[in-house]
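Numbering follows the UniProt record's numbering, in which position 225 of the sequence shown is assigned residue number 225; successive positions increment by one, without gaps.
Glycine included, each C-beta is placed from N, C-alpha and C at the ideal position.
Beneath this line is the structure, given in structure tokens, with notes to follow.
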Amino acid sequence: MAQCVTKVELSISCDSLIDKDVGSKSDPLCVLLQNVGGDQWTELNRTEKIKNCQNPQFSKKLLIDYYFEKVQKVKFGIYDIDNKSYDLSDDDYLGGAECTLGQIVSSKILVQPLMLKKGKPAGKSIITICAEEIKDTRVVSIDVEARNLDKKDFLGKSDPFLEFYKQSDSGKWQLVYRSEVIKNNLNPCWKKFSVPLQTFCSGDFNRQIKVAVSDMDDNTSSDLIGEFICNISKLLEV
1 MAQCVTKVEL SISCDSLIDK DVGSKSDPLC VLLQNVGGDQ WTELNRTEKI KNCQNPQFSK
61 KLLIDYYFEK VQKVKFGIYD IDNKSYDLSD DDYLGGAECT LGQIVSSKIL VQPLMLKKGK
121 PAGKSIITIC AEEIKDTRVV SIDVEARNLD KKDFLGKSDP FLEFYKQSDS GKWQLVYRSE
181 VIKNNLNPCW KKFSVPLQTF CSGDFNRQIK VAVSDMDDNT SSDLIGEFIC NISKLLEV
């Protein structure tokens with residue numbers, strides 16, 4: 001029997017996560033699971049870990065096949081990662097949310113409170129899930145360097161990293177790429193990277209893109225060095 005299916009990209013962010021680490025903020029990661037029958041769940045994908053952050057925006061997108069007219073139960077779990085093990089059973093659970101993939105796709109932006117395993121609210125924590133159907137298979141490749149960045153560290157140079165955001169239809173900025181951190185460098189040259197055009201600008205060359213450079217701090221929130229707004233058309237002219 002023929003089935004209608006499309007690939008969907010999910011962008012994940014959280015706000016007001018509870019703290020499990022003593023003396024610092026949590027290091028959150030989001031895992032996506034799908035119900036395979038009864039109480040059985042299987043992991044489909046997971047985001048990167050973000051250090052010392054209560055309001056993470058994950059740069060890694062979670063891809064999932066969406067079957068029309070089929071109920072697909074999904075679950076998002078947020079964990080505080082304190083080791084290098086892939087196994088999450090020894091990591092602190094910061095909260096989770098259950099819904100159907102259809103709910104996410106139909107609303108495009110779904111906001112839910114995070115719940116602990118005993119059914120109690122995880123403080124004021126919320127998760128925001130943005131869905132976008134993959135229609136454009138093109139890829140954009142970009143290399144970036146900066147010169148004469150501000151020195152943000154008291155005893156050394158800045159440790160800069162790069163972030164790209166696209167402006168959503170609602171006007172909010174959505175993270176689409178985060179670079180590696182270059183230690184002790186005011187004239188960084190980041191690795192060339194490639195991002196699907198759908199992810200980067202929703203296939204719209206005139207959609208506004210925000211580029212931000214920040215200084216990474218291991219124990220505190222990052223410091224913004226500078227940012228500017230452009231679009232992919234202008235970037236391709238450089």
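Could you spell out the range, first to last residue, of the alpha helix (DSSP H) harbouring residue i?
{"i": "Thr6", "result": "It is not in any alpha helix (DSSP H) - Thr6 instead sits in the beta strand (DSSP E) that spans 5-15."}
{"i": "Lys234", "result": "232-237"}
Please identify the residue among the options whose C-alpha is closest to the C-alpha of residue i.
{"i": "Lys172", "options": "Gln57, Cys189, Gly95, Met216", "result": "Gln57"}
{"i": "Ala131", "options": "Asn148, Phe76, Leu101, Gly123", "result": "Leu101"}
{"i": "Leu236", "options": "Asn148, Leu224, Ser141", "result": "Ser141"}
{"i": "Gln174", "options": "Cys4, Ser13, Val8", "result": "Ser13"}
{"i": "Arg178", "options": "Asn185, Asn184, Lys166", "result": "Lys166"}
{"i": "Leu62", "options": "Ser222, Leu10, Lys157", "result": "Leu10"}
{"i": "residue 246", "options": "Ile64, Ser89, Gly203, Lys157", "result": "As shown, the chain starts at 1 and ends at 238. That puts residue 246 outside it, with no answer to give."}
{"i": "Asp204", "options": "Tyr93, Leu94, Thr137", "result": "Thr137"}
{"i": "Ala122", "options": "Asp92, Lys108, Lys191", "result": "Asp92"}
{"i": "Asn184", "options": "Gly156, Cys4, Ser168", "result": "Gly156"}
{"i": "Pro196", "options": "Lys118, Ile134, Ser168", "result": "Ile134"}
{"i": "Pro188", "options": "Ser107, Val238, Asp143, Val176", "result": "Asp143"}
{"i": "Ser85", "options": "Leu29, Leu224, Glu180", "result": "Leu29"}
{"i": "Val31", "options": "Gly37, Lys60, Cys4", "result": "Lys60"}
Determine the contact status of residue i and residue j, defining contact as a CB-CB distance below 8 Å.
{"i": "Thr128", "j": "Tyr66", "result": "no"}
{"i": "Phe164", "j": "Met216", "result": "no"}
{"i": "Lys124", "j": "Ser16", "result": "yes"}
{"i": "Ile232", "j": "Phe193", "result": "no"}
{"i": "Lys120", "j": "Gly96", "result": "no"}
{"i": "residue 255", "j": "Lys25", "result": "Residue 255 lies beyond the residue range present for the chain, which begins at 1 and ends at 238; the question has no answer from this structure."}
{"i": "Asp159", "j": "Ile182", "result": "yes"}
{"i": "Leu94", "j": "Ile18", "result": "yes"}
{"i": "Gln208", "j": "Ile229", "result": "yes"}
{"i": "Glu227", "j": "Trp190", "result": "no"}
{"i": "Ser202", "j": "Ile109", "result": "no"}
Tell me the DSSP secondary structure of residue i in three-state form.
{"i": "Thr199", "result": "helix"}
{"i": "Glu132", "result": "strand"}
{"i": "Leu94", "result": "strand"}
{"i": "Ser106", "result": "helix"}
{"i": "Leu29", "result": "strand"}
{"i": "Leu186", "result": "coil"}
{"i": "Leu149", "result": "coil"}
{"i": "Leu101", "result": "helix"}
{"i": "Ser222", "result": "coil"}
{"i": "Tyr86", "result": "coil"}
{"i": "Ile229", "result": "strand"}
{"i": "Asp65", "result": "strand"}
{"i": "Phe193", "result": "strand"}
{"i": "Gly156", "result": "coil"}
{"i": "Ser170", "result": "coil"}
The beta strand (DSSP E) with residue i in it runs from where to where?
{"i": "Phe58", "result": "Run containing Phe58: none; DSSP gives neither H nor E here."}
{"i": "Ser214", "result": "208-215"}
{"i": "Lys166", "result": "160-167"}
{"i": "Gly77", "result": "73-80"}
{"i": "Ile50", "result": "Where Ile50 is concerned, there is no enclosing beta strand (DSSP E), given that its DSSP letter is neither H nor E."}
{"i": "Asp141", "result": "Residue identity differs from the one stated: residue 141 is Ser in this sequence, not Asp. It spans 139-142 - the beta strand (DSSP E) in which Ser141 sits, taken as one unbroken run."}
{"i": "Ala176", "result": "According to the sequence shown, residue 176 is Val rather than Ala. Unbroken beta strand (DSSP E) run through Val176: 173-178."}
Answer yes or no: the CB of residue i versus the heavy atoms of the ligand MN, is any distance below 7 Å?
{"i": "Asp65", "result": "The model depicted lacks the ligand MN and carries no ligand whatsoever."}
Inset, instruction - Taking 8 Å as the threshold, find out whether the segment 31-51 comes into contact with the segment 68-82 through three or more Cβ pairs. - result: yes
Legend entry - the segment 114-124 contacting the segment 36-43, beta-carbon criterion three pairs below 8 Å: Touching, no.
Inset, instruction - Flag this pair as touching only if the segment 202-217 and the segment 143-153 have three or more C-beta atom pairs under 8 Å; answer yes or no. - result: yes
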